[in-house]
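As structure tokens, the structure follows; a few thoughts come after it.
In the working numbering, the protein residues as written are 7 to 154.
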């Protein structure tokens with residue numbers, strides 16, 4: 007299932023890798039602070055194995071494409087969190103903000119967690135390939151998620 011594997015990837019990279027807080031940033035203080043607050047919420051949700059709380063932190067504009075309901079998201083996410091075991095303690099190395107998208111890199115890891123700003127709030131990007139054009143579907147260059 008595409009949705010389940012995408013969510014598993016996000017949880018592995020996003021939730022687990024965002025277990026630390028701090029580091030530098032290329033955005034303004036308000037955005038960096040909001041991203042650090044998102045990290046704190048992810049840490050809390052992950053520590054409590056709270057799938058519903060994680061779902062509240064996912065990109066709203068693509069949520070309905072990935073999940074048919076909040077209940078389905080919470081159920082699938084909760085199962086993944088329970089199977090994941092105890093996450094490693096990682097530290098954010100850098101926050102790189104480019105307009106309404108951002109990436110967070112981590113000390114000792116090669117991956118990055120994609121984030122997107124929507125409605126003035128930061129979220130985990132559900133579809134990193136299209137999150138840069140989430141607000142403007144006309145700029146989508148082939149990675150369309152239409153029909154959902």
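Beta carbons: idealized from backbone N, C-alpha and C, even for Gly.
| task | Please name the residue in 46, 127, 51 and 103 whose C-alpha comes closest to that of residue 218. | result | Outside the displayed range of the chain (7 to 154) lies residue 218, so it cannot be described from this structure.
| said: With a threshold of 7 Å on Cβ separation, who are the neighbours of residue 27 within its own chain once the five nearest residues in sequence on each side are excluded? | reply: For residue 27, the predicted model reports a pLDDT of 38, less than 50, meaning its position is unreliable and no value from the coordinates is stated.
| Buried or exposed (CB count within 10 angstroms, at least 16 for buried), residue 57 | Buried, by the Cβ-count rule.
| query | Rounded to a whole number of angstroms, what is the C-alpha to C-alpha distance between residue 130 and residue 64? | reply | 5 Å
| 8 Å CB neighbourhood of residue 31 in its chain, flanking five on each side removed | Bear in mind that the predicted position of residue 31 carries a pLDDT of just 48, short of 50, making it unreliable; the figure below should be weighed with that in mind. Only 37, 38, 41, 100, 101, 102 and 103 meet the Cβ criterion.
| query | If you draw a straight line from the C-alpha of residue 1 to the C-alpha of residue 68, how long is it? | reply | Not covered by the structure: residue 1. The range shown for the chain is 7 to 154.
| Which one of 113, 107 and 115 has the shortest CA to CA distance from residue 128? | 107
| Cβ of residue 121 within 8 Å of Cβ of residue 72? | no
| task | Could you please give me the residues that DSSP links to residue 35 through a beta bridge? | result | Beta-bridge partners of residue 35 (DSSP): none assigned.
| By Cβ distance, which residues of its chain are closer than 6 Å to residue 79, with the 5 residues on each side in sequence left out? | 61 and 73
| task | Mind checking who residue 110 pairs with in its DSSP beta bridge? | result | 101 and 119
| request: Could you check the C-alpha separation between residue 81 and residue 89 for me, to the nearest Å? | output: 12 Å
| message | My output table needs one value for residue 87: the three-state DSSP class, helix, strand or coil. | response | Here residue 87 sits in helix by DSSP.
| task | Check whether the Cβ atoms of residue 110 and residue 123 sit closer than 8 Å, and answer yes or no. | result | no
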